[in-house]
Amino acid sequence: MDHFGYTTEIETRYRDFDTMGHVNNAVYATYLEQARLRYFRDVVDIPMDDISGVVAHLEIDYRRSISLEEEVTVAMRVSELGESSITMVHEIRAGDDVAATAEVVQVSIDPESGEPRPIPATWRDRIETHRGC
């Protein structure tokens, strides 16, 4: 059984590929970002415009390259829910294989002051409910 609570398909673009014919390593971070935005939309039920957060930590471990003909998905789950931070673990998958694993810490910030703020209660409730699935 998959221990990730959320999975989304990523559409690769021609520009994602380098001269060696595989997804450039920097693009993996974009795939993680796309998955997080969809998670907030689909699970937390907030539009992208309402997400006030910054990435405080990003760590990617590459396992294998992704080639042009492969289907890409990102599976993810919240591993830790702090006062103002959300730690998420990810798998970037190429077909049935894990191409990379990643950890991202996103911090909720006040859009006016730029300072960390507590994660809104409604977000927290939806994240916790989804974690229980």
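In my numbering, the protein residues as written are 1354 to 1486.
All residues carry an ideal CB built from backbone N, CA and C; glycine is no exception.
For clarity, every value in this text was computed on a predicted model and none was experimentally measured.
Judged by DSSP in its simplified three-state form, aspartate 1414 adopts strand.
About 6 Å separates the Cβ atoms of serine 1437 and isoleucine 1472, confirming a contact at the 8 Å cut-off. Fully enclosed beta strand (DSSP E) runs of no fewer than 3 residues occupy 1359-1363, 1406-1415 and 1425-1434 of the region 1355-1441, in order along the chain. Under the three-state reduction of DSSP output, aspartate 1478 falls in the helix class.
Counting C-beta atoms within 10 angstroms of its own C-beta, alanine 1379 has fewer than 16 neighbours from the protein chains shown and is therefore classed as exposed.
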